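Protein chains in written order, with the numbering used here: chain E, 199 to 356; chain V, 199 to 356. All C-beta atoms in this analysis are idealised placements derived from N, C-alpha and C, irrespective of residue type, glycine included. Quantities reported herein were computed from a predicted structural model and do not represent experimental measurements.
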DNA sequence: TGAATATAGTTGTATAATACAACTATGATT
DNA sequence: AATCATAGTTGTATTATACAACTATATTCA
């Protein structure tokens, strides 16, 4: 049933989605964050750090992109020698991704750059509200992901 | 000062930013939402609806993109005859954008499609929490925009 | 066991979004 | 009037991206 309140919410949601579109452009894929690494590329490095034995299939789930895109997102990181590839132990079709020494260093530096970015963002949120805000944003993201899974509009990529 | 809590927050924030990157891909620019219009294109139609006399400069602020990109995002909408251009009344360099009749119809249809999408997303959030969640997400977006303005990393585009 | 099927990943190809620089045309300032 | 600023477009290049077709390995089942 549509009442005034829901209808206002829809306009609010439109603003929110526009806002998200604006701010995610801010951590744009192609804008190098630090050490020549973009936010999206850092996501890959970080996923490898956090999951040790990561193969491409895990990664394209994590990034919500097509498998071919995963290959192409990984390849510049291989070329820069931040990541290296090995055949996965129990499946010789699969590829295991690992950080090189250089990759570890870069990951560390970019992470400290990013935490600084996070810190500065959080400065703009009253400390008392911070917890609630982060929880809420997570809830919101989950709600969208749930919907995406149901409707399969994103081909189960999320 | 870095304590355990802040550090945990940083990992939480990393998850959040990854999540945002995933879900915004879900309303991908190039995935037609409805009536052959993408979410991003709808944002343009909607901005024109909401602001009546919109020129390109307003629009590239609204979309947080470079002015040349604005031109190119608008042009398919002109071609599809959803928007039309007129010279702005008090400045003949500027262009005033307006919806055509067809544009109004398409806007209406896509809006109803989008509100349906919003409704389904909100189904995944407990009704009691909904207000807090939306407020919080807005706070979060504003925090990022504030930071972006300060640091000018986004060239004042946000 | 061997054929059929499924899965992991890569490459070919095409498209969309995007930025930056250079440009045109108009407006504002001094 | 000359200079500077602003609105918008176009040239050019890059990146992200998907889909389809492919190779190579695994799994299943008859």
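- A Cβ-Cβ separation of about 12 angstroms leaves residue 271 of chain V out of contact with residue 246 of chain V under the 8 angstroms criterion.
- By alpha-carbon distance to residue 232 of chain V, the top candidate from V:310, V:328 and V:210 is V:310.
- Under a criterion of Cβ atoms nearer than 7 angstroms, the residues of chain V adjacent to residue 319 of chain E are, in order, 341, 342 and 345.
- Residues of the same chain with a CB within less than 6 angstroms of the CB of residue 240 of chain E, apart from the 5 flanking positions on each side, are 308 in chain order.
- Using a 10 angstroms sphere on the CB of residue 289 of chain V, the tally of other CB atoms stays under 16, which defines it as exposed.
- Counting only Cβ-Cβ distances below 7 angstroms, residue 262 of chain V has contacts in chain E at 220 and 223, in chain order.
- With 16 or more other CB atoms across the displayed protein chains lying within 10 angstroms of its CB, residue 268 of chain V is buried.
- Contact check for residue 332 of chain V against residue 284 of chain E fails: the beta carbons are separated by 7 angstroms or more.
- Listed along chain V are 337, 338 and 341, each with a C-beta nearer than 8 angstroms to that of residue 323 of chain E.
- Residue 327 of chain V reaches chain E at 334 and 337, counting residues in chain order whose Cβ is nearer than 8 angstroms.
- Residues of chain V whose Cβ lies closer than 7 angstroms to the Cβ of residue 313 of chain E are, in chain order, 208.
- Per DSSP, reduced to three states, the secondary structure at residue 286 of chain E is strand.
- Remark: C-beta atoms of residue 339 of chain V and residue 221 of chain E approach each other more closely than 7 angstroms.
- For the C-beta of residue 330 of chain V, the chain E residues within less than 8 angstroms are, from N- to C-terminus, 330 and 334.
- Listed along the chain, the chain V residues whose CB falls inside 8 angstroms of the CB of residue 214 of chain E are 332, 335, 336 and 339.
- Taken in chain order, the unbroken stretches of alpha helix (DSSP H) that lie wholly in the region 215-285 of chain E and span 4 residues or more are 237-249, 254-261 and 265-277.
- Scanning chain V for C-beta atoms nearer than 9 angstroms to the C-beta of residue 238 of chain E yields 219, reported in chain order.
- Under the DSSP definition of a beta bridge, residue 293 of chain V partners with V:285.
- Within 9 angstroms of the CB of residue 244 of chain E, the CB atoms of chain V belong to 212 and 216, in sequence order along the chain.
- Here DSSP, grouped into helix, strand and coil, assigns residue 322 of chain E to coil.
- If you draw a straight line from the Cα of residue 321 of chain E to the Cα of residue 215 of chain E, it comes to about 23 angstroms.
- Using beta-carbon distances, residue 254 of chain V does not count as an interface residue toward chain E, since no partner is under 7 angstroms.
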